[in-house]
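J.: Numbering (this note's numbering), first residue to last: 2 to 141. Note that beta-carbon positions come from the ideal geometry of N, C-alpha and C, so glycine has one too.
#1: By DSSP's criteria, residue 122 is part of a beta bridge. Which residues make up the other side?
#2: Would you kindly report the start and end of the unbroken alpha helix (DSSP H) that includes residue 18?
#3: Please give me, in chain order, every unbroken run of the beta strand (DSSP E) with length at least 3 that falls completely inside the segment 48-129.
#4: By how many angstroms is the C-alpha of residue 128 removed from the C-alpha of residue 23?
#5: Measuring only the C-alpha atoms, how far is residue 102 from residue 125?
#6: What residues in its chain sit with their C-beta under 8 Å from that of residue 99, if we drop five residues either side in the sequence?
#7: Identify every residue that forms a DSSP beta bridge with residue 35.
#8: Could you check whether residue 59 and residue 13 sit closer than 8 Å to each other, using their CB atoms as the reference points?
#9: From 64, 74, 44, 56, pick the residue whose C-alpha is nearest to that of residue 83; which is it?
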């Protein structure tokens with residue numbers, strides 16, 4: 002029921018869902034890091050980094066990964082994930098994400114002599130339930 006879903010959304014999550022539901026594409030990056038001298042694979046240091054429209058007015062933008070987890074739990078969205086996650090064929094959609102201040106700050110903190118940083122491309126899409134919910138609840 003849409004009303005029980007609404008009750009489980011914070012105002013920030015509702016704003017974020019509206020942004021995602023009204024945009025045709027939502028590219029995201031997972032940020033991974035590993036030590037070059039160890040063969041232990043990558044550690045995820047940040048999941049689901051997306052570009053936010055400045056005008057959506059989130060009160061706590063640092064909680065976006067948590068908000069995305071809740072939107073996914075509610076079956077409003079899905080996020081690609083895992084070793085073989087899908088990405089958009091047109092890699093230009095990731096350029097602004099990769100050039101963002103946030104990514105640049107992380108890249109500047111990585112010691113490239115001993116660490117390897119990987120930006121894993123993916124995307125977020127609205128589920129069938131999410132589209133129905135959006136049509137019933139979200140105002141343009």
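T.: So, from the data block:
#1: Answer is 30.
#2: For residue 18, the enclosing alpha helix (DSSP H) covers residues 12-22.
#3: Entirely contained in the segment 48-129, the beta strand (DSSP E) runs reaching 3 residues are, in chain order, 78-80, 116-127.
#4: Distance between the alpha carbons of residue 23 and residue 128 is about 13 Å.
#5: One Cα belongs to residue 102, the other to residue 125, and the distance between them is close to 21 Å.
#6: Here the set comprises 30, 120.
#7: 117, per the DSSP bridge assignment.
#8: The beta carbons of residue 13 and residue 59 sit closer together than 8 Å.
#9: Of 64, 74, 44, 56, the residue nearest in Cα terms is 44.
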